[in-house]
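K.L.:
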Amino acid sequence: MKVCKFGGSSLANAEQIRKVCDIMLSDPDRRVMVVSAPGKRTREDIKVTDLLIALANARISGYDGEVEKQAVLNRFESIGQDLGIAADVMPS
Numbered sequence: 454m455k456v457c458k459f460g461g462s463s464l465a466n467a468e469q470i471r472k473v474c475d476i477m478l479s480d481p482d483r484r485v486m487v488v489s490a491p492g493k494r495t496r497e498d499i500k501v502t503d504l505l506i507a508l509a510n511a512r513i514s515g516y517d518g519e520v521e522k523q524a525v526l527n528r529f530e531s532i533g534q535d536l537g538i539a540a541d542v543m544p545s
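If you read the sequence shown in our numbering, its first letter stands for residue 454, the second for the next number, and so on.
#1: Below 8 Å on the Cβ atoms is my guess for residue 459 versus residue 488; work out the distance and round it to an integer in Å.
#2: Under the assumption that residue 519 contacts residue 507 (Cβ atoms under 8 Å), give the Cβ distance between them as a whole number of angstroms.
#3: At which residue ranges does the region 474-533 contain complete alpha helix (DSSP H) runs of 4 or more residues, listed in the order of the chain?
#4: Note down the Cα distance separating residue 491 from residue 524, rounded to an integer number of angstroms.
#5: The beta strand (DSSP E) spanning residue 456 covers which residue range?
#6: Quick check: residue 496 and residue 465, are their CB atoms within less than 8 Å of each other?
#7: Can you tell me the Cβ-Cβ gap for residue 532 and residue 476, rounded? I've got them flagged as a contact below 8 Å.
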């Protein structure tokens, strides 16, 4: 049994996620997948990890963090849409 960890640019968008799935499916010994946060989609983009840090910092500073929270949700919603995942299974 193999455990594979993916994150960052390998999960940045739907195309990359499909590649990760192909990697997992190409070897029956790869049975466990561990994922971390999606990375940058473009050079100018912001990593999900950095978006989450900004959200935490906003909350720590006494702000509601709604803008930062929405940025995180938007990223995952975009990935989900590009993967063809029904909107009703994604929290809003």
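Every residue, glycine too, gets a C-beta built ideally from N, C-alpha and C.
P.N.:
Here's the rundown:
#1: 5 Å
#2: Not confirmed; about 12 Å, so no contact.
#3: Entirely contained in the region 474-533, the alpha helix (DSSP H) runs reaching 4 residues are, in chain order, 501-513.
#4: 13 Å
#5: 455-461
#6: For the 8 Å CB-CB criterion, residue 496 and residue 465 do not form a contact.
#7: Rounded, the Cβ-Cβ distance is 17 Å, inconsistent with contact.
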